[in-house]
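In what follows, a structure is listed as structure tokens, so that the remarks can point back to it.
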Amino acid sequence: MRITHGQMTALVMLVLLVQIYAYAPAYMAEHTHQSLWIPLLLSIALSAIVGWTMLIVSEHYPNESFVSVLHKVIGKFLGNIVAGLYFIYFFILFIIHSQMIVTTFKTLFLPRTPMSAILLLVLILALYCSFLGIEVLARASNMVLILLLATILLLIFSVIPEIDPSYYKPIFPQSSDGLLYSTLISFSNYGQIVLLSTIFPFVNHQKEKRKRSKVFGGILFSCFLTSMVLVVEIGVFSPFELQRLQYPTVELITLIQIGEFMERMEIFLVTIWAGAMLLVIGIFFTVSCLTMTHMLKKPKESKALNILLIMIGFASILQFVPDTTNLITFIYGQWVYLSLIFHAVLPVLIGLFFFIRIKVMKHGKS
Amino acid sequence: MVKVNKMPLVIFCLFILTGCWDRNEISDINFVMGMAIDTTDEDKLRVTFQWALPTQFSTEGAKGAGSQENTDFSIEADSLTRAMSMLTEISPRTPVYSHMELIVLGEEVVQKEMENVINVIDREFEVRRTVNIVTAKGKGEDILRSKTPFETVQSTGIQKIITMSNQSSTFRDVNLNDLFIHVADPDSLAYTPVVETVAQSGLEPTETGGQNSWIQVDRVIFFDKFKKQLELSAEESKAWMYVLGKVEDRTVMEIPTDKGMLVTSSVSQKSKPTIEMNGDQPSVKYTITEKTSIMDKPIDMTKSEMEKAIEAYLSEKVTETIKKMQEENHDIFFLRKAIRQQYPQQWKKIRKNWPETYASIQFEVHTKVTIEHQNALRKDKIE
Chain A
1 MRITHGQMTA LVMLVLLVQI YAYAPAYMAE HTHQSLWIPL LLSIALSAIV
51 GWTMLIVSEH YPNESFVSVL HKVIGKFLGN IVAGLYFIYF FILFIIHSQM
101 IVTTFKTLFL PRTPMSAILL LVLILALYCS FLGIEVLARA SNMVLILLLA
151 TILLLIFSVI PEIDPSYYKP IFPQSSDGLL YSTLISFSNY GQIVLLSTIF
201 PFVNHQKEKR KRSKVFGGIL FSCFLTSMVL VVEIGVFSPF ELQRLQYPTV
251 ELITLIQIGE FMERMEIFLV TIWAGAMLLV IGIFFTVSCL TMTHMLKKPK
301 ESKALNILLI MIGFASILQF VPDTTNLITF IYGQWVYLSL IFHAVLPVLI
351 GLFFFIRIKV MKHGKS
Chain B
1 MVKVNKMPLV IFCLFILTGC WDRNEISDIN FVMGMAIDTT DEDKLRVTFQ
51 WALPTQFSTE GAKGAGSQEN TDFSIEADSL TRAMSMLTEI SPRTPVYSHM
101 ELIVLGEEVV QKEMENVINV IDREFEVRRT VNIVTAKGKG EDILRSKTPF
151 ETVQSTGIQK IITMSNQSST FRDVNLNDLF IHVADPDSLA YTPVVETVAQ
201 SGLEPTETGG QNSWIQVDRV IFFDKFKKQL ELSAEESKAW MYVLGKVEDR
251 TVMEIPTDKG MLVTSSVSQK SKPTIEMNGD QPSVKYTITE KTSIMDKPID
301 MTKSEMEKAI EAYLSEKVTE TIKKMQEENH DIFFLRKAIR QQYPQQWKKI
351 RKNWPETYAS IQFEVHTKVT IEHQNALRKD KIE
């Protein structure tokens with residue numbers, strides 16, 4: 001069973017659509033105030049370059065798993081190291097997303113429910129997703145994507161009347177202070193485009209032509225749409241108020257009031273977001289399991305391995321990011337820098353090796 | 001065999017999925033609709049909670065609601081958090097604040113305890129950012145325990161006065177979101193409407209034995225970082241609204257002229273501030289435009305004369321208010337914020353000496369009034 005280019009695009013779009021507006025707006029507003037559109041644009045451009053590179057490399061080796069591609073591009077030894085690093089990367093993203101949804105629900109809606117109960121549910125679902133496999137997740141992501149896109153568009157259009165254009169002034173920053181850090185924050189989200197490389201081998205290349213521009217169009221649309229949420233938040237809350245808000249997008253939803261009959265939408269919109277988030281958690285966990293399986297050169301996925309990984313995930317969350325404060329400290333204190341390895345350093349390394357290998361091969365042939 | 005293995009997992013999930021920890025039965029909830037916060041002589045907070053009877057939420061209940069009383073309950077405590085928790089000591093149902101419509105701050109609270117009170121409200125996620133907030137002239141409790149026409153729940157009544165029926169343009173409605181935004185901005189004053197009970201003869205109901213006071217909202221009070229700065233009069237508030245370009249449609253103005261009284265009703269109104277910098281000295285020009293209709297006029301006054309009279313009157317009132325605010329150093333027109341946004345480099349230089357700079361700003365007020373129609377249903381008045 002294979003997936004289409006559209007389904008692959010939907011998977012990556014979904015991953016890019018769920019995270020950046022959760023905690024990032026406050027931290028970006030704190031560092032770049034009303035000029036947060038600049039780091040957003042910069043990170044989208046950087047992510048497009050990284051994504052393009054990874055897509056070109058993957059396209060060169062269709063039907064090969066990500067680990068095999070790494071073996072072929074940078075050699076077996078280095079390939080295994082990089083694959084191992086990417087396994088850790090996907091696993092960390094799985095942990096971050098899991099705890100993000102758990103703490104959000106616990107803080108906002110279910111204060112008395114034990115965290116471990118919500119966490120167990122999330123992890124069981126992730127495990128179930130890994131048993132279903134990428135193909136099923138890709139099909140499910142199409143429907144969830146439509147719902148999430150509609151939700152975000154509804155949110156943006158509903159709060160446009162609340163925007164005060166003066167909050168965007170001055171449009172250009174007076175200094176470059178905080179610009180780099182803000183760019184790192186948004187790049188740590190949009191850089192997750194590297195997921196393309198692990199999903200690309202599942203695309204049915206025999207039945208479909210290459211649709212590079214459509215794939216990228218969809219992905220860039222996700223980036224710009226989520227960026228719009230952040231830009232709208234500046235206009236609605238002002239840069240000073242935005243930096244105070246722990247859950248700015250949930251607060252933004254509470255402002256939706258269409259006439260007398262449409263308000264208190266947060267439970268519906270957050271539920272749709274949660275559905276998408278659960279699917280993304282499942283995607284990251286499945287991709288982690290797949291990367292590990294390919295590294296261990298197992299011919300088939302091992303359910304025991306998946307169960308072992310989910311248990312490690314459960315223990316890691318309770319040990320390292322047991323609450324919102326720990327999670328936020330990790331994301332904005334360490335992860336924004338660590339993620340650079342996976343979003344920039346390794347893709348550049350893979351791209352360089354690939355470029356040299358292709359040139360060498362061409363030169364050899366000639 | 002596979003089904004047997006999955007059963008424990010399914011049962012386990014079912015146990016967790018039921019989510020009994022945070023269940024809230026609708027019959028166990030007490031919907032707090034309004035809250036008034038005052039101080040006592042012992043420096044405690046006196047918090048009055050108002051909740052509606054559940055029957056009033058239904059269509060049938062609303063029809064017969066005239067005979068039913070709401071519940072107002074006042075609690076004295078050291079803090080707002082404590083008062084909120086003490087509410088549960090008398091309420092057989094769990095208080096829920098997510099449907100709250102109004103917060104009334106007593107006059108003494110805004111002078112002594114505003115920061116503490118607002119910080120507690122800020123941390124309470126159930127209190128939505130769309131809740132309206134007002135300052136009471138006197139005790140907030142009196143406001144919440146008084147009456148408004150048509151509405152059985154006082155909080156709803158005041159909320160509707162502020163947001164729906166305003167045609168005097170002597171105040172702007174403020175919700176928590178607006179308040180937080182202004183308080184968070186280091187170069188901006190925050191404000192709320194002022195609510196008071198009035199017992200004017202013209203407002204008294206005809207039935208004896210009923211209430212003898214009504215609610216009135218007709219002014220604005222300003223704060224700088226939770227400290228009360230000034231309270232505008234109704235006339236100044238209206239001038240302030242003209243400068244901001246926020247005058248409500250159908251706002252009535254009575255303009256005395258040489259030929260008699262001119263009565264207008266606003267159709268639409270805008271204001272465009274233009275700030276220019278001469279070195280580090282700002283100058284400000286307000287271009288106020290209004291489209292209006294005539295409700296009453298002196299017989300021999302032409303359209304052009306009326307437009308000029310209205311323009312002159314508006315210019316005079318706005319200029320007077322600006323001058324007074326300059327003298328008293330109250331930046332109610334948010335000029336600090338505007339200069340910071342338009343001239344960030346110059347703002348860094350002048351912010352330290354803002355009071356002197358503000359006092360020396362040259363203001364120009366240009367008004368442009370267009371009479372849309374003269375409501376000429378009758379040719380002349382009855383002699």
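Chains as they are written, first to last, in full-length UniProt numbering: chain A, 1 to 366; chain B, 1 to 383. Idealized CB from N, CA, C, for every residue including glycine. Predicted, not measured: the structure shown is a model, and the values here were computed from it.
DSSP puts residue i in a beta bridge; with which residues?
{"i": "Tyr286(B)", "result": "Pro273(B), Val365(B)"}
{"i": "Asn30(B)", "result": "Pro95(B)"}
{"i": "Glu254(B)", "result": "Val263(B)"}
{"i": "Trp214(B)", "result": "Val198(B)"}
{"i": "Ala190(B)", "result": "Phe223(B)"}
{"i": "Lys291(B)", "result": "Ser268(B), Thr370(B)"}
{"i": "Thr39(B)", "result": "Leu45(B)"}
{"i": "Val104(B)", "result": "Ala36(B), Val134(B)"}
{"i": "Trp51(B)", "result": "Val32(B), Thr71(B)"}
{"i": "Ala140(A)", "result": "DSSP lists no partner for Ala140(A)."}
{"i": "Glu160(A)", "result": "Checking the sequence, you will find Ile at residue 160(A) rather than Glu. DSSP, once it has assigned bridges, lists no residue as partnering Ile160(A)."}
Shortest alpha-carbon distance to residue i belongs to which of the options?
{"i": "Thr151(A)", "options": "Leu17(A), Phe353(A), Gly6(A)", "result": "Leu17(A)"}
{"i": "Tyr358(B)", "options": "Gln345(B), Thr367(B), Met325(B)", "result": "Met325(B)"}
{"i": "Pro298(B)", "options": "Val96(B), Thr367(B), Gly260(B)", "result": "Gly260(B)"}
{"i": "Val243(B)", "options": "Ser27(B), Asn30(B), Phe333(B), Leu176(B)", "result": "Phe333(B)"}
{"i": "Asp173(B)", "options": "Lys160(B), Ile118(B), Ile181(B)", "result": "Lys160(B)"}
{"i": "Ala29(A)", "options": "Lys303(A), Met115(A), Val159(A), Tyr168(A)", "result": "Tyr168(A)"}
{"i": "Tyr89(A)", "options": "Val144(A), Thr183(A), Asn189(A), Arg139(A)", "result": "Asn189(A)"}
{"i": "Val117(B)", "options": "Val247(B), Val318(B), Leu45(B), Ile288(B)", "result": "Leu45(B)"}
{"i": "Ile288(B)", "options": "Ala309(B), Glu305(B), Val318(B), Thr135(B)", "result": "Val318(B)"}
{"i": "Pro347(A)", "options": "Ile49(A), Ser130(A), Met361(A)", "result": "Ile49(A)"}
{"i": "Ile115(A)", "options": "His205(A), Thr183(A), Ala315(A), Phe330(A)", "result": "Contrary to the premise, residue 115(A) reads as Met rather than Ile in this sequence. Ranking the options by Cα distance to Met115(A), first place goes to Ala315(A)."}
{"i": "Ile146(A)", "options": "Ser222(A), Ile253(A), Gly178(A), Leu245(A)", "result": "Ser222(A)"}
{"i": "Leu125(A)", "options": "Lys362(A), Leu349(A), Gly313(A)", "result": "Gly313(A)"}
{"i": "Leu309(A)", "options": "Ser288(A), Leu148(A), Lys211(A), Tyr61(A)", "result": "Ser288(A)"}
{"i": "Ile91(B)", "options": "Gly106(B), Ile103(B), Arg336(B), Thr71(B)", "result": "Checking the displayed sequence, the identity of residue 91(B) turns out to be Ser instead of Ile. Checking every option, the nearest Cα to that of Ser91(B) belongs to Thr71(B)."}
{"i": "Glu42(B)", "options": "Met301(B), Thr88(B), Glu108(B)", "result": "Glu108(B)"}
{"i": "Tyr61(A)", "options": "Phe202(A), Leu127(A), Met228(A), Leu148(A)", "result": "Phe202(A)"}
{"i": "Ile143(B)", "options": "Val104(B), Glu320(B), Thr321(B), Ala239(B)", "result": "Val104(B)"}
{"i": "Ile215(B)", "options": "Val183(B), Arg145(B), Lys228(B), His373(B)", "result": "Arg145(B)"}
{"i": "Leu102(B)", "options": "Ile255(B), Thr88(B), Arg129(B)", "result": "Arg129(B)"}
{"i": "Glu89(B)", "options": "Thr39(B), Lys137(B), Asn30(B), Val134(B)", "result": "Asn30(B)"}
{"i": "Val217(B)", "options": "Pro256(B), Ile133(B), Leu176(B)", "result": "Ile133(B)"}
{"i": "Leu195(A)", "options": "Arg2(A), Thr4(A), Leu14(A)", "result": "Leu14(A)"}
{"i": "Ser155(B)", "options": "Pro193(B), Ala83(B), Ala36(B)", "result": "Ala36(B)"}
{"i": "Asp249(B)", "options": "Thr292(B), Glu327(B), Ser85(B), Lys272(B)", "result": "Thr292(B)"}
Regarding residue i and the ligand SAM, is the C-beta to nearest heavy atom distance less than 7 angstroms?
{"i": "Lys225(B)", "result": "Among the components modelled here there is no ligand, and therefore nothing to report on the ligand SAM."}
**OP:** Decide yes or no for the touch test of the region 272–285 of chain A against the region 219–236 of chain B: beta carbon pairs closer than 8 angstroms, at least 3 of them.
**Re:** no
Subject >> Any 3 or more C-beta pairs closer than 8 angstroms across the region 267–282 of chain B and the region 225–239 of chain B >> reply: no
**OP:** Taking 8 angstroms as the threshold, find out whether the region 263–274 of chain B comes into contact with the region 339–353 of chain B through three or more Cβ pairs.
**Re:** The answer is no - the region 339–353 of chain B does not touch the region 263–274 of chain B, with fewer than three Cβ pairs under 8 angstroms.
Original post:
Residues in the region 246–259 of chain A with C-beta within 7 angstroms of chain B's C-beta atoms, listed in sequence order?
Top reply: Glu251, Thr254, Leu255, Gln257
Original post:
Contact between the region 60–67 of chain A and the region 233–248 of chain A: three or more CB pairs below 8 angstroms?
Top reply: no
Original post:
Can you list, in chain order, the residues of the region 121–150 of chain A whose Cβ is nearer than 7 angstroms to any Cβ on chain B?
Top reply: Leu121, Ile124
**OP:** Please list the residues of the region 170–185 of chain B that have a C-beta atom closer than 8 angstroms to any C-beta atom in chain A, keeping them in chain order.
**Re:** For the region 170–185 of chain B, which is checked against every Cβ of chain A, the residues closer than 8 angstroms are Asn177, Phe180, Ile181, Ala184, Asp185.
Original post:
Using a Cβ cut-off of 7 angstroms, which residues of the region 148–173 of chain A contact any Cβ in chain B, in chain order?
Top reply: Ser166, Lys169, Pro170
Subject >> Stretch-stretch touch, CB-based, cutoff 8 angstroms, three pairs: the region 187–194 of chain B with the region 76–88 of chain B >> reply: no
Subject >> Those runs of the alpha helix (DSSP H) which lie wholly inside the region 267–329 of chain A and span at least 4 residues >> reply: 303–320
Original post:
Where are the alpha helix (DSSP H) runs, 4 residues long or more, that stay fully inside the region 117–160 of chain B, in chain order?
Top reply: DSSP runs (the alpha helix (DSSP H)) wholly in the region 117–160 of chain B: 140–145.
Original post:
Counting pairs of Cβ atoms below 8 angstroms between the region 89–102 of chain A and the region 322–336 of chain A, do you hit three or more?
Top reply: yes
Original post:
Touching or not, the region 162–173 of chain B and the region 115–129 of chain B, by the rule of three or more beta carbon pairs under 8 angstroms?
Top reply: Flag = no, the region 162–173 of chain B and the region 115–129 of chain B do not touch.
**OP:** Determine which residues of the region 231–242 of chain A have a Cβ less than 7 angstroms from any Cβ of chain B, and write them out in chain order.
**Re:** Phe237, Ser238, Phe240, Glu241
**OP:** Please list the residues of the region 339–355 of chain B that have a C-beta atom closer than 9 angstroms to any C-beta atom in chain A, keeping them in chain order.
**Re:** Arg340, Gln341, Gln342, Tyr343, Pro344, Gln345, Lys348
Subject >> Three or more C-beta pairs below 8 angstroms linking the region 264–277 of chain A and the region 36–48 of chain A >> reply: no
**OP:** Please list the segments of the alpha helix (DSSP H) lying wholly inside the region 26–85 of chain A, counting only runs of 4 or more residues, in order along the chain.
**Re:** 37–60, 66–74
Original post:
Residues in the region 93–115 of chain A with C-beta within 9 angstroms of chain B's C-beta atoms, listed in sequence order?
Top reply: Thr107, Leu108, Phe109, Leu110, Pro111, Arg112, Thr113, Pro114
**OP:** Entirely within the region 195–254 of chain A and at least 4 residues each: give me those alpha helix (DSSP H) ranges in chain order.
**Re:** 196–199, 212–242, 248–254
Original post:
Looking at C-beta atoms only, is the number of pairs between the region 206–221 of chain A and the region 1–10 of chain A that lie closer than 8 angstroms three or more?
Top reply: yes
Subject >> Residues of the region 125–153 of chain B whose Cβ lies closer than 8 angstroms to any Cβ of chain A, in chain order >> reply: Phe125, Arg128, Arg129, Thr130
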